[in-house]
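Quick look at the structure:
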């Protein structure tokens, strides 16, 4: 996912929207821009897992374990660093959003940055949890692929949540995946940015809660798993 | 002639065998393909007004998959340069022409072998095939895959820097796939932006995608009046990158100097 | 007869001449040791001969083929075992050696038998299906050597063949290289290990800063150092000045020290020729010898003699 998706794909898709959708999305370009920022954050925050998996396989983690810091500091540090990297990588995409969709007010901006940071560390945590739970590269890549694409495509990044819900109601889309899309933190983060910049969908505190819960669960599971597993042979 | 083709086959065989040892890549790409069909394709087709968009998209997805898999050979060359294997290959009793042709064919063939079953899945989803048209389209996809491999190899050995290669391939991927008819019809692209439409018309991914759809025989998704133009386009694309690759390998290639 | 003739071969990278007007001939059927510190230009010279990199100036003839004009034909004569094993982490020893054997033209029957034979001899048969990333450095080196041994090229180039390999393994590989030579291959052995070069090479060429400093048999090179051989003699009597003068009459004797009244240290050349005559003289003068110890210069001494540096100093200084 990159700016070509915004400046080419989104512009072309704008011409293809059905009349049913145009009641919800006036401009696909504007709709997609926040989603793109969130996917950028997702992809870069997820990379930490691959590095940790590689460190384990090459026993580079022995060096990390020999450093003068507690295991908790090491584990939390890795989760935070993964999240920070995600934020840094995503910031040009977010600025692009603001350039085209308008700048939010201070409180909205703080909320956006805060929620995205929580999302980033949650995603890092998820990635690390997968990385340390899989013993071989093939297993890691398979697990990563399944989680990655499920979260990516079962979300409101590319299309409105209402469309997924509608397909679910018609029986054309599995209900578990509809539920996944509804609780998906990527959906919450994208929709929150749209709520502030486009006015639709309506902002809800659940958007923040969903991301916060996701972040807490995966930050602590990752830290716990990291400590337990890297100390084992 | 036999000795010439023997060595060529050995180079091809090596590339195919190595590719299938990277199981993780194969798994990852497979998951991407399936999730694109059952998630993105399904949902996006409800969002757009194009008739039978789902089938249209699945056909284009197969070509995108073939394109990205055929590109791997360029990344392999960097992996080989990093481990010194590139120098080993240059030291073998194989001519430079055999090496570049073999790698180009190997890169394209293995992409085809890997994507073949996925094309089968795509055809099952699309639901119709015109056998004769499809054979012609299939052959052209073959040439397309070789052309993409040749392009990837040519760029890799010209640039000789893995960072710059990654960046360039990222940019090319972003532009080539999105400025093509893999995901949307040409008429829509032209309506969105005439400049984009102009570039899309000349894109080999467009040629391959349109020919694939023509091969399915499904009227709703065929956007070609005459398959000859894209067919010639792909032949030209394949010829250019294969022969440019040979010339560069012959004249320029040597070990060392990789960044 | 020279199978390789190198004329003014030069390779520059930017402003640095890695190989600087190298002139050298290598005789058919010999093991030619190419010695020098890291950065001396050994690997660059080898890669040019193997047509992997192109010379900036000069050329070489391998067999009867010019490396610039007929690189394909040159590569058909050569086999090279690189200093750093060149293998992808997903490959296995079986894949690597089998592919190499196929490319070098072995028939299917021969190939299967020989791959087993060579991997067995190098104690790698058990690990033949293990991926490279699971092999130790020494194991990867053995696989690298296996390629040459299975190919049996007319000219084998081996770059640091026993680096990272244990003592028993080293001796095995040395023995295999000698057998390769006995079967008709010419071997170019590039190495930092002085003992290895000394033991294996028929002739040694020493490179320093991209240039050939000296080239001859190890024995002649050592003999070329004035007073390089040393003998320490312990006698049962004190040695007089007159006795010392008599010893100095031998033209091979360069210098004599007397650390103790009954000990002598002689610096001389061609020790094996002159020691019997020295012993005869001491017997005639009724001076019984209680012990004698001989040492000859190493190739490091040869390098120091011609460059003014030890190999270690040359490496630190950046050859």
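Protein chains in written order, with the working numbering: chain S, -5 to 227; chain G, 30 to 288; chain Y, 13 to 331. For every residue, glycine included, the Cβ atom is placed at its ideal position computed from N, Cα and C. A quick note: this is a predicted structure, and the numbers were derived from the prediction, not measured.
Could you check what DSSP says for residue i in three-state terms: helix, strand or coil?
i: residue 171 of chain Y; result: strand
i: residue 15 of chain S; result: helix
i: residue 32 of chain Y; result: strand
i: residue 45 of chain Y; result: strand
i: residue 37 of chain Y; result: strand
i: residue 190 of chain Y; result: helix
i: residue 232 of chain Y; result: helix
i: residue 333 of chain Y; result: Because chain Y here runs from 13 to 331, residue 333 of chain Y falls outside it and cannot be looked at.
i: residue 197 of chain Y; result: coil
i: residue 227 of chain S; result: Annotation note: pLDDT 49 at residue 227 of chain S (below 50); position unreliable, coordinate value reported separately. DSSP places residue 227 of chain S in coil when its eight states are reduced to three.
i: residue 15 of chain Y; result: strand
i: residue 109 of chain Y; result: helix
i: residue 331 of chain Y; result: Caution applies to residue 331 of chain Y, whose pLDDT of 46 falls short of 50 and renders its modelled position unreliable; the value that the coordinates give is listed next. Three-state DSSP puts residue 331 of chain Y in coil, outside helix and strand.
i: residue 210 of chain G; result: coil
i: residue 25 of chain Y; result: strand
i: residue 74 of chain G; result: helix
Taking the CB atoms as reference points, tell me whether residue i and residue j lie closer together than 8 Å.
i: residue 137 of chain G; j: residue 238 of chain G; result: no
i: residue 244 of chain Y; j: residue 277 of chain Y; result: yes
i: residue 185 of chain G; j: residue 141 of chain G; result: no
i: residue 91 of chain Y; j: residue 175 of chain Y; result: no
i: residue 3 of chain S; j: residue 207 of chain G; result: yes
i: residue 5 of chain Y; j: residue 122 of chain Y; result: With chain Y covering 13 to 331 only, the question about residue 5 of chain Y has no answer from this structure.
i: residue 234 of chain G; j: residue 211 of chain G; result: yes
i: residue 87 of chain Y; j: residue 63 of chain Y; result: yes
i: residue 70 of chain S; j: residue 217 of chain S; result: yes
i: residue 243 of chain G; j: residue 151 of chain G; result: no
i: residue 204 of chain S; j: residue 179 of chain S; result: yes
i: residue 73 of chain G; j: residue 220 of chain S; result: no
i: residue 170 of chain G; j: residue 224 of chain G; result: no
i: residue -5 of chain S; j: residue 35 of chain S; result: no
i: residue 223 of chain S; j: residue 126 of chain S; result: yes
Distance, Cα to Cα, residue i vs residue j?
i: residue 46 of chain Y; j: residue 201 of chain Y; result: 6 Å
i: residue 172 of chain G; j: residue 259 of chain G; result: 12 Å
i: residue 163 of chain G; j: residue 51 of chain S; result: 45 Å
i: residue 211 of chain S; j: residue 68 of chain G; result: 26 Å
i: residue 335 of chain Y; j: residue 192 of chain Y; result: As displayed, chain Y neither begins before 13 nor continues past 331, which places residue 335 of chain Y out of reach and without an answer.
i: residue 280 of chain G; j: residue 137 of chain S; result: 45 Å
i: residue 198 of chain S; j: residue 45 of chain G; result: 52 Å
i: residue 264 of chain Y; j: residue 295 of chain Y; result: 19 Å
i: residue 275 of chain G; j: residue 102 of chain S; result: 57 Å
i: residue 194 of chain S; j: residue 277 of chain G; result: 55 Å
i: residue 89 of chain Y; j: residue 48 of chain Y; result: 25 Å
i: residue 273 of chain G; j: residue 261 of chain G; result: 18 Å
i: residue 32 of chain Y; j: residue 68 of chain Y; result: 10 Å
i: residue 267 of chain G; j: residue 229 of chain G; result: 18 Å
i: residue 304 of chain S; j: residue 92 of chain S; result: What is shown of chain S runs -5 to 227, which leaves residue 304 of chain S out entirely.
i: residue 227 of chain G; j: residue 252 of chain G; result: 16 Å
i: residue 57 of chain Y; j: residue 178 of chain Y; result: 27 Å
i: residue 155 of chain Y; j: residue 236 of chain Y; result: 38 Å
i: residue 331 of chain Y; j: residue 317 of chain Y; result: Legend: pLDDT at residue 331 of chain Y = 46, less than 50; position of this residue unreliable, no value from coordinates given.
i: residue 12 of chain Y; j: residue 274 of chain Y; result: Residue 12 of chain Y is absent from the model: chain Y starts at 13 and stops at 331.
Q | Any 3 or more C-beta pairs closer than 8 Å across the region 211 to 229 of chain Y and the region 71 to 85 of chain Y | A | Cβ pair count under 8 Å is below three, so no.
Q: Check each residue of the region 185 to 217 of chain G: if its Cβ is closer than 9 Å to any Cβ of chain Y, include it; give the result in chain order.
A: Going along the region 185 to 217 of chain G in chain order, one finds no residue with a Cβ nearer than 9 Å to chain Y.
(Q) Taking contact to mean 3 or more Cβ pairs, one atom from each stretch, closer than 8 Å, check whether the region 114 to 122 of chain S and the region 61 to 78 of chain S are in contact. (A) Put simply, the region 114 to 122 of chain S touches the region 61 to 78 of chain S. At least three CB pairs are less than 8 Å apart.
Q. On the three-pair Cβ rule with 8 Å, is the region 33 to 43 of chain Y touching the region 294 to 309 of chain Y?
A. No, because fewer than three Cβ pairs between the region 33 to 43 of chain Y and the region 294 to 309 of chain Y fall closer than 8 Å, the two stretches do not touch.
Q.
Within 8 Å, do at least three Cβ pairs link the region 36 to 47 of chain G to the region 107 to 121 of chain Y?
A. Result yes; three or more Cβ-Cβ pairs closer than 8 Å.
Q.
Under 8 Å: do the region 100 to 116 of chain G and the region 144 to 151 of chain G share three or more Cβ pairs, one atom per stretch?
A. These segments do not touch.
Q: Give, in chain order, every residue of the region 256 to 278 of chain G whose Cβ lies closer than 8 Å to some Cβ of chain Y.
A: For the region 256 to 278 of chain G, the beta-carbon criterion of a distance under 8 Å to any beta-carbon of chain Y is satisfied by none of its residues.
Q. How do the region 218 to 226 of chain G and the region 187 to 194 of chain G stand: do at least 3 beta-carbon pairs fall below 8 Å, yes or no?
A. As far as the Cβ criterion goes, the region 218 to 226 of chain G does not touch the region 187 to 194 of chain G, which means the pair count is below three.
Q. Can you list, in chain order, the residues of the region 190 to 210 of chain Y whose Cβ is nearer than 8 Å to any Cβ on chain G?
A. Those residues of the region 190 to 210 of chain Y that come within reach of chain G (Cβ to Cβ, closer than 8 Å) do not exist; the list is empty.
Q: Taking only beta carbons into account, state which residues of the region 76 to 102 of chain G come closer than 9 Å to chain S, listed in chain order.
A: Cβ contacts with chain S: 76, 77, 78, 79 and 82.
Q) Taking any Cβ of chain G, which residues in the region 90 to 106 of chain S have a Cβ under 7 Å from it, in chain order? A) Hits within the stretch: zero.
**Q.** Three CB pairs or more closer than 8 Å across the region 101 to 109 of chain Y and the region 46 to 61 of chain G
**A.** Note that the region 101 to 109 of chain Y touches the region 46 to 61 of chain G; at least 3 beta-carbon pairs, one per stretch, sit closer than 8 Å.
Q: Decide if the region 137 to 147 of chain Y is in contact with the region 173 to 190 of chain Y; the criterion is three or more beta carbon pairs, one per stretch, under 8 Å apart.
A: With the cut-off at 8 Å, the region 137 to 147 of chain Y and the region 173 to 190 of chain Y do not touch.
Q | Any 3 or more C-beta pairs closer than 8 Å across the region 5 to 12 of chain S and the region 31 to 51 of chain S | A | As far as the Cβ criterion goes, the region 5 to 12 of chain S does not touch the region 31 to 51 of chain S, which means the pair count is below three.
(Q) What are the residues in the region 112 to 125 of chain G lying within 7 Å of chain Y by C-beta distance? (A) From the region 112 to 125 of chain G, only 112, 113, 114, 116, 117, 119, 120, 121, 122, 123 and 124 have a Cβ closer than 7 Å to chain Y.
Q) Just by C-beta distance, which residues in the region 218 to 233 of chain G are closer than 8 Å to chain S? A) Hits within the stretch, in order: 218, 220, 221, 222 and 225.
Q) Just by C-beta distance, which residues in the region 111 to 129 of chain Y are closer than 7 Å to chain G? A) When C-beta distances to chain G are compared with 7 Å, the residues of the region 111 to 129 of chain Y below that value are 111, 114, 115 and 116, in chain order.
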